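In our numbering, the protein residues as written are 38 to 280.
Note sheet for the following structure.
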Amino acid sequence: MSQTEKLYEGKAKILYSTADSSILLTVYKDDATAFNAQKRGQIKGKGEINCQITAALFKWLESKDIPTHYIDCPQPNQMRVKAVTIVPIEVVVRNIAAGSLCRQTGLEEGQILSTPLVEYYFKSDELGDPLLTRDRIFLLDLVTPQRLAEIEDIARKINQNLQSFFDKCKITLVDFKLEFGIDAQQNLLLADEISPDTCRLWDQDQSDPKSRVMDKDRFRKDLGEVESAYQEVQQRVLAQLET
Ligand code: TMP
């Protein structure tokens with residue numbers, strides 16, 4: 038698959054056009070950023086690991102009737118995807134209180150939420166991805182009420198599937214971020230990635246709050262051993278899919 042024009046370079050991936058206008062090529066980078074790119078670094082091997090984890094999970098979600106933009110991986114850090122228009126909403130699903138939810142509400146980290154919380158953030162680096170309300174979503178005309186209902190339903194379904202999947206990997210799915218796209222036929226497809234960059238994953242074999250972290254919080258909070266945590270997630274996910 039020949040890459041042609043670079044369409045967009047994000048913080049963790051580069052998007053290229055291909056000879057077929059309905060297909061794009063995503064190249065996953067080792068670059069890591071946090072706090073809206075105020076903190077920058079590299080996680081060695083992250084591009085390949087996140088690409089492979091995303092590919093494996095997207096393929097598995099497809100088998101659970103969740104449509105995704107995934108096509109295949111021509112190289113370990115490259116993914117061919119269906120061309121979609123990205124909905125400018127970052128959908129965060131939370132099972133356990135952590136991160137900004139704790140900072141903004143005073144909930145204690147680790148508190149199990151009685152029902153998974155689905156939240157929407159405006160995908161705008163310029164504005165710092167602020168939390169949205171439903172009324173603000175419709176005010177800004179980001180999606181229709183019907184589309185938002187569809188997004189919430191599918192986000193909850195993805196959460197149910199991923200929670201039980203990660204549980205089998207002895208990993209607790211604390212929270213994660215999803216992005217969706219709309220294809221030329223107006224179908225809603227799961228897009229972007231699902232990886233330790235975009236999830237909070239806690240190792241069920243570790244009780245210490247620092248040792249259990251298997252995701253980008255290791256980079257955000259300078260906990261060390263970032264590469265090995267990402268590798269461990271990849272190994273457990275792939276091993277589970279082989280069973
Ligand atoms: P938060 O607690 O910082 O709001 O993050 C919630 C989840 O979303 C967490 O799993 C990390 C993920 N996330 C991203 O994927 N990209 C982002 O830019 C942010 C802020 C969070």
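Every residue, glycine too, gets a C-beta built ideally from N, C-alpha and C.
Keep in mind the model is a prediction, meaning the values are calculated, not measured.
Please go through the same chain and pick out, in chain order, the residues whose beta-carbon is closer than 7 Å to the beta-carbon of L210, but skip the five residues on each side of it.
If you ignore the 5 residues before and after L210, its C-beta comes within less than 7 Å of the C-beta of N132, L199, Q200, F203, C236 and L238, all in its own chain and listed in chain order.
How many angstroms separate the CA atom of F72 from the CA atom of K258?
For F72 and K258, the gap between their C-alpha atoms comes out near 11 Å.
Whole-angstrom distance between K66 and T181, CA atom to CA atom
33 Å
Under DSSP, the beta strand (DSSP E) around F159 begins and ends at which residues?
I149 to F159
What would DSSP say about R117, mapped onto helix, strand or coil?
strand
Could you give the residue range of the beta strand (DSSP E) that holds T70?
D68 to A71
Between K50 and the rest of its own chain, which residues show a CB-CB distance below 8 Å, the 5 nearest in sequence each way excluded?
T63, V64, Y65, K66 and E230
Can you tell me the Cβ-Cβ gap for Q112 and Q271, rounded? I've got them flagged as a contact below 8 Å.
Not confirmed; about 16 Å, so no contact.
The ligand TMP heavy atoms versus the CB of G136: any closer than 6 Å?
G136 Cβ: within cutoff of the ligand TMP.
Quick check: L215 and A192, are their CB atoms within less than 7 Å of each other?
In this structure, A192 lies closer than 7 Å to L215 by Cβ.
Mapping the DSSP letters down to three states, classify V180 as helix, strand or coil.
coil
Give me the Cα-Cα distance between S137 and Q75, rounded to the nearest whole angstrom.
16 Å
Is it buried or exposed for G84, if we count other Cβ within 10 angstroms and need 16 for buried?
Counting the other CB atoms within 10 Å of its CB gives G84 a total of 16 or more, which places it among the buried residues.
Quick check on G218: buried or exposed, where buried means 16 or more other Cβ atoms within 10 Å of its Cβ?
buried
Taking 6 Å as the cut-off, is the CB of C206 close to at least one heavy atom of the ligand TMP?
no
Report the rounded CA-to-CA distance for E42 versus S58, giving the unit in angstroms.
Roughly 11 Å separates the two Cα atoms.
Secondary structure of N224, DSSP reduced to three states:
coil
Under three-state DSSP, which class holds D190?
helix
First through last residue of the alpha helix (DSSP H) which encompasses E216:
For E216, there is no enclosing alpha helix (DSSP H); the residue is part of the beta strand (DSSP E) that begins and ends at I208 to I219.
Buried or exposed: where does I149 fall if 16 or more other Cβ atoms within 10 Å of its Cβ makes it buried?
exposed
Straight-line gap, A56 to D212 (C-alpha atoms, nearest Å):
37 Å
Hey, out of K119, A120 and G147, whose CA is closest to D245's CA?
G147
Does the Cβ of N87 have 16 or more other Cβ atoms within 10 Å, making it buried, or fewer, making it exposed?
buried
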